[in-house]
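This report refers to the structure that appears directly beneath it.
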Amino acid sequence: MTLARRRSAFGGFLAACWAAASASALACPICFRVEEGPVTDGVRAAVLVLMGVTAGVLAGFGVFIARFVRRAAAGDDVA
Amino acid sequence: MRIISTDHKVIGLQYLFTSLTFLLLGFALIVLVRWQLAYPAQPIPLIGGLFGESNVVQGVMLPEFYTQLSAMHGTIMVFLAVVPLAVGAFGNYLVPLMIGAPDMAFPRLNALSYWLYLAGGIVMVTGFVLPGGAASSGWTSYPPLADIASAGQTAWLVGMFVLIVSSLLGAINIIVTIMQLRAPGLTMMRLPFFVWAQLVTSFLLLLAFPPLQGAAVLQLMDRLAGTSFFLPSGLVVSGAPLRATGGGSPILWQHLFWFLAHPEVYVLILPAFGIVAEVIANATRKPLWGYRAMVGSALFMGSMSFIVWAHHMFLTGMGPTMSAFFQVTTMIISVPSVIIVSSLLISLYGGSIRFTVPALFALAFLPMFGIGGLTGLPLGLAASDIPLHDTYYVVGHFHYIVAPGTLFALFAGIYYWFPKVTGRMMNPRLGTLHFWGSFIGMNGIFLPMLIEGLAGVNRRLYDGGRTYAFTQPVIHLYSGQWWSTVLLGAAQLFFIVNLVWSLARGKRTAENPWQSTTLEWATTSPPPHENFPTPPRVHRGPYDYSPPGAAIDFLPQHQP
Amino acid sequence: MIPYTVERRADTGVTNVRLGIWLFLASEVMLFGALFSSYALLRVSAPAWPHGLEVLGVWFGVTHTIVLSLMTALVLRARSAPAGQARTLLAAGSFLAIVFLVTKGVEWRGEIAQGLVPSVNTFFAMYYTLTGLHALHVVCGLVANAWAVLGARRVGDAMTAGRIYSIGLYWALVDLVWLAIFLLFYLT
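Chains as they are written, first to last, in this note's numbering: chain U, 6 to 84; chain S, 162 to 721; chain G, 37 to 224.
In structure tokens:
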């Protein structure tokens, strides 16, 4: 592709980005949240709590696994 | 052999026969559904009179019965057939053998797990004889409908609670067994990939099931104690306001359900990856390519599976930030499964492939899972999910993964390890017929679903969407799917006959007929009580096939 | 037969039962975590949420907390005590657990008599579900205590010590869950 063509393609790309970014393009109520509300807040709270608990439990497993890998590498395997 | 046995081999076989029975039952239910979709409101031939007046009137299926069949098909297949087969049967039987252990870590707990599974399954299926019939709110049991459904839904919830206890106990058993009972010399990186797959699967079962158990308790409270965890205020049912406290959220159920159900789909596929890896390594007479990458991928996939669940809920109005988060994690999680399948494919390159019946199923698994996985990508992106959500596209996607995917891997496993369990071979001609009939039949059923979904045909519709104008171009596909169902069913007959006949009259075989390297073949077929007369010691990795300069093309793990 | 029932495996550093109980407790954390997550959703999205201090008996809550904390202390002490003393401590812990259950029953009866049943609002729905499930766990813990104490003669001191270790951890989690319930329901 020639330099000129590349430049105009890039310009077109930028224009498309600008168009997409403008609010009118985000018209879908499913993607573009229609309203804040207590239910969405509640869902967000629930998701954060459950993900936090999960992260904690997985971190606990991670600690055990790290300890185990260290001990296994040290040749602490069964005789 | 006692019926209440604590021997993992007996328990594994109990799981095998119970889950295969449920598999057949789940299939029978969907045969009726496929008939209804192809020939709506026509009398069911031959067996139409067997289902009772509340389900079938003058041979014609009622919509209420259709929804029961559809919901119970999904429930039975996921919770009572595939997972107990993949984990309860294969996991229980093979894990202790593959690690050189005399049994599972907690044999009595193991027995309890099986009997709880059987009890839970029976309770769920009992729904069919209750007034109002079995659970009919989808296998996903969404409220508000599930909250106000008939008694069969309560049976579903109670059965599910018991099933989850069974699952948790089984998962604990498998993890402790793998970590604690490995034979001397069997380091984690010398484990067969099958064992790694079972380990990660058990972690997922352990951590993901409890929220569903909690949700089941909440829904039971709604149904029995008058609470409104999932019932919003102002609900109107059949024109009259529902007498309930209100203030609840149906979305709460969806979050708790999908928090389990997404890791559940990895529970459905990981054991299958494990089986296919064993069969392919053995069939190609080469070490598995990318073992470490596969192990890493399985671990990564397991961990990530906890943070993708809301991609089942893109249409619930969650807002762009949360939606973006779940889209990103969903795209990321597709990478490890690609690594695993690619490693298995690359493992074939340069191999001297033995095209046995297990190998046929394992090889077919790869492209079939490929289709299933790739069709999932548009569902993981919210924009493309919007027109596809709740259509037959989704149904086609997940059936490609579970049916010619997982189920093929499980069939491969049954043909492969049958000689281990019985000391006899299954008939290869019947096996080949079973394979081709199933392969053609499954593609004939599920490929059209992708097309129907793209056309916009919704799921769970009694008339298959015939009342909608946009479905007319694809309605003609239903009859082809019906005949594919008939072919699929006929192919299973070859399998059932083969299984029964071979148990009694199959060709007797040596200890290690597939010339495999892993530990389960280092003892007699079938193995004795406590598995190994002398405890094995492991000297090498699991796939030492075609070692350079050796006289034979495999070196077992336990051989000095 | 099955190794590592009493002695620890070198690379994992645990016995089978010890690993098993930690895994079980992880699943219990996920169970109660999901229920507290549900609490978060319902409370944050509710237009109005009752004050626990006004609708629940805070002195009941304090009593429960003291009884359970004492019980947990006794059971944890049993882990490092010699065999005979350990069984006595476990039995004492069981007694306190029964005290908890009886007091809880009295509290529930009073609430129900006032018409405060699960169906009255989501606060009470959550309250009864969580305290009910918690009480069920206390009952199961009592069974476990009995199993450890009554089976001690048959399996010997080493095995029993392992069982008491596991049971101690279980009661600690049950107590922690109670503390969360106390904080989130009684003290709000």
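Each residue gets a CB set at the ideal place from its N, CA and C atoms; glycine is no exception.
G:VAL42, DSSP secondary structure in three states: coil
Sorted by chain position, which residues of the same chain lie with C-beta nearer than 6 Å to G:PRO86's C-beta, five sequence neighbours on each side aside? PHE159
For S:LEU649 and S:ILE606, which I take to be in contact (beta-carbon distance under 8 Å), what is that distance rounded to the nearest angstrom? 7 Å
Which residue's Cα is closest to the Cα of S:GLY667: S:VAL582, S:LEU342, S:THR684? For S:GLY667, the nearest C-alpha among the options comes from S:VAL582.
Coarse secondary structure for G:VAL153, derived from DSSP in three states: Of the three classes helix, strand and coil, the one that applies to G:VAL153 here is coil, per DSSP.
Got a sec: which bits of the region 77-95 of chain G sit with their beta carbon under 9 Å from any beta carbon on chain U, in order along the chain? Along the region 77-95 of chain G, going in chain order, the ones with a CB nearer than 9 Å to a CB of chain U are LEU77, LEU78, ARG79, VAL80, SER81, ALA82, PRO83.
Counting only beta-carbon separations shorter than 8 Å, does G:SER74 have a partner in chain S? Yes, contact with chain S.
Compare the C-beta of S:HIS700 against all C-beta atoms of chain U and say whether one is closer than 8 Å. At a cut-off of 8 Å between beta-carbon atoms, S:HIS700 makes no contact with chain U.
Quick check on S:ASN619: does DSSP put it in helix, strand or coil? strand
Under 7 Å (Cβ pairs) to chain S, residues found in the region 124-155 of chain G: When C-beta distances to chain S are compared with 7 Å, the residues of the region 124-155 of chain G below that value are PRO154, SER155, in chain order.
Helix, strand or coil, according to DSSP, for S:THR236 in the structure here? helix
Minimum Cβ-Cβ distance from S:VAL378 to chain G less than 8 Å: yes
Is DSSP giving S:THR679 helix, strand or coil here? coil
Along chain G, in chain order, which residues have C-beta atoms closer than 9 Å to that of U:ALA60? In chain order: nothing, as chain G lies at least about 11 Å away.
Within chain G, the residues that U:GLY67 reaches when beta carbons sit closer than 7 Å: Those within 7 Å of U:GLY67 in chain G number zero; the least Cβ separation is about 12 Å.
When you compare the region 232-247 of chain S with the region 336-352 of chain S, are there three or more beta-carbon pairs, one atom per stretch, that lie closer than 8 Å? Inter-segment contact for the region 232-247 of chain S and the region 336-352 of chain S is absent: fewer than three beta-carbon pairs are separated by less than 8 Å.
Is DSSP giving S:PHE289 helix, strand or coil here? helix
S:VAL398, DSSP secondary structure in three states: strand
Please report whether the beta-carbon of G:LEU212 lies at a distance below 8 Å from any beta-carbon of chain S. So, not an interface residue.
Would the region 424-439 of chain S and the region 520-527 of chain S be scored as touching if the rule is three or more Cβ pairs under 8 Å? yes
Whole beta strand (DSSP E) runs in the region 307-380 of chain S with 3 or more residues, listed along the chain? Counting only runs of 3+ residues, no beta strand (DSSP E) is found wholly inside the region 307-380 of chain S.
Would you call the region 152-171 of chain G in contact with the region 105-118 of chain G, where contact means no fewer than 3 C-beta pairs closer than 8 Å? no
Does the distance from the CB of S:HIS416 to the CB of S:VAL469 come in under 8 Å? no
Helix, strand or coil: which one does DSSP assign to G:MET107? helix
Hey, how far is the Cα of G:SER202 from the Cα of S:TRP317? The straight-line gap from Cα to Cα measures roughly 33 Å.
Residues of chain U with CB under 7 Å from S:PHE467, in chain order? Listed along chain U, the residues sitting closer than 7 Å to S:PHE467 by beta-carbon distance are THR59.
Would G:TYR40 count as contacting chain S if we go by Cβ distances under 8 Å? yes
What residue from G:THR41, G:PRO154, G:PHE68 has the CA that sits closest to S:THR406's CA? G:PRO154
Against G:THR165, what residues of chain S qualify as contacts under a CB-to-CB distance less than 7 Å, listed in chain order? VAL378, LEU379, MET382
Determine the DSSP secondary structure at U:ALA30, reduced to helix, strand or coil. For U:ALA30, the predicted model reports a pLDDT of 42, less than 50, meaning its position is unreliable and no value from the coordinates is stated.
Where the alpha helix (DSSP H) containing S:MET483 begins and where it ends: Secondary structure note for S:MET483: its alpha helix (DSSP H) is the uninterrupted segment 481-509.
Measuring only between beta-carbons, confirm whether S:ASP264 sits less than 8 Å from chain G. yes
With distances taken between CB atoms, is the gap from G:GLY177 to G:ALA133 smaller than 8 Å? yes
I want to verify the contact list: residues of chain S whose CB lies under 8 Å from the CB of U:ALA51, in sequence order. In chain order, LEU413, HIS416 make up the part of chain S whose C-beta sits under 8 Å from the C-beta of U:ALA51.
List, in chain order, every chain G residue whose beta-carbon is nearer than 9 Å to that of S:LEU367. Within chain G, LEU59, PHE60, ALA62, SER63, MET66 have C-beta atoms less than 9 Å from the C-beta of S:LEU367, given in sequence order.
Going along the region 194-209 of chain G in order, which residues come within less than 7 Å of chain U, judged by CB to CB distance? none
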